[in-house]
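Participant: I am attaching a structure below and will ask some questions about it afterwards.
Numbering (this note's numbering), first residue to last: 2 to 252.
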């Protein structure tokens, strides 16, 4: 027997769940919007958010407008935080964000039968893990596997890190004649470490998910996306990539 990974994804077979002709136990069926191995994937026209599959808007234009709107909102929020960081209690903000990120990852880190109310709370806190692709409902406009989302997230972190370096170097070059120059190391590492601290729990979780596989009837599948087999050439490539970043970023 295999446990259904998503609540409400599996429908029990008709009672008593046994084929009278063969005496074999009948498998469970997938609920509407779910499909694949252990009913763990969302069907076409559905998106996964907070461990549930919900129907996408009927009009593609609506999906794109939602993606653009949420992306703009996130950019504005981070811009305001950067603009008024001197007026905000940033230390309290960083500690609170780190707490919510750690609590939000509890469901992935520990296989504990939490009470349903606490499970719902943990699921809601996943928003603090910066699961941007899930929040944006990207699968409604551009379906992709875990490898696609993984590449986008890691690429985005790398690009933003490079942008921070360029901005700091440009700002330092403009103020090179200032009498209050501080070391380049100090100026550069502070914004980088603040950005990496923000990304640390979410990126670490995404890296470690690469190595989490499950055996189902003799085949091994990536638990976060059971459309993807483990231990093939593609998985090996991403495992090596993730392993290097685990050592550099997580360890």
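Using N, Cα and C, we set each Cβ at its ideal position, and we do this for glycine too. Bear in mind that the values here come from a model prediction, so they are computed numbers and not experimental data.
1. With 16 as the cutoff for other CB atoms within 10 Å, does residue 225 come out buried or exposed?
2. Who are the near neighbours of residue 95 in its chain, counting only those whose CB is closer than 7 angstroms to its CB and skipping five residues on each side?
3. I'd like the span of the alpha helix (DSSP H) that includes residue 217, first residue to last.
4. Along the chain, where does the alpha helix (DSSP H) containing residue 162 start, and where does it finish?
5. Using 10 angstroms around the beta-carbon of residue 48, count the other beta-carbons present and answer buried if the total reaches 16, otherwise exposed.
6. Rounded to the nearest angstrom, what separates residue 163 and residue 31 at their Cα positions?
7. Identify whether residue 24 lies in helix, strand or coil by the three-state DSSP scheme.
8. I'd like to check one pair, residue 58 with residue 141: are the Cβ atoms closer than 8 angstroms?
9. Is the separation between the beta-carbon of residue 148 and that of residue 232 shorter than 8 angstroms?
10. Suppose contacts are defined by Cβ-Cβ distances below 8 angstroms. Is residue 150 in contact with residue 126 by that definition?
11. Please determine, among 161, 175, 230, 217, the residue with the shortest C-alpha to C-alpha distance to residue 200.
12. Compute the distance between the beta-carbons of residue 165 and residue 193, then report whether it is under 8 angstroms.
13. For the alpha helix (DSSP H) containing residue 242, list its first residue and its last residue.
14. Flag this pair as yes or no: are the beta carbons of residue 42 and residue 227 separated by less than 8 angstroms?
15. Measure how close the beta-carbons of residue 229 and residue 146 come, nearest whole angstrom, since I'm counting them as under 8 angstroms.
16. Residue 117: which of 174, 9, 242, 3 sits nearest, CA to CA?
17. State the beta-bridge partners of residue 220 as determined by DSSP.
18. Let me confirm a value: residue 213 is counted as buried when at least 16 other C-beta atoms fall within 10 Å, else exposed. Which label applies?
Facilitator: On the basis of the data shown:
1. Classification of residue 225: buried, given that the 10 Å Cβ count is 16 or more.
2. 198
3. Premise fails: residue 217 lies in the beta strand (DSSP E), 214 to 217, not in any alpha helix (DSSP H).
4. It spans 147 to 175 - the alpha helix (DSSP H) in which residue 162 sits, taken as one unbroken run.
5. buried
6. 44 angstroms
7. Caution is warranted here: a pLDDT of 46 is assigned to residue 24, below 50, making its placement in the model unreliable, and no coordinate value can be reported.
8. Closer than 8 angstroms, so yes.
9. no
10. no
11. Of all alpha-carbon atoms in 161, 175, 230, 217, the one lying nearest the alpha-carbon of residue 200 is that of 161.
12. yes
13. 234 to 246
14. yes
15. 6 angstroms
16. 9
17. 217
18. Answer is exposed; the Cβ neighbour count stays below 16.
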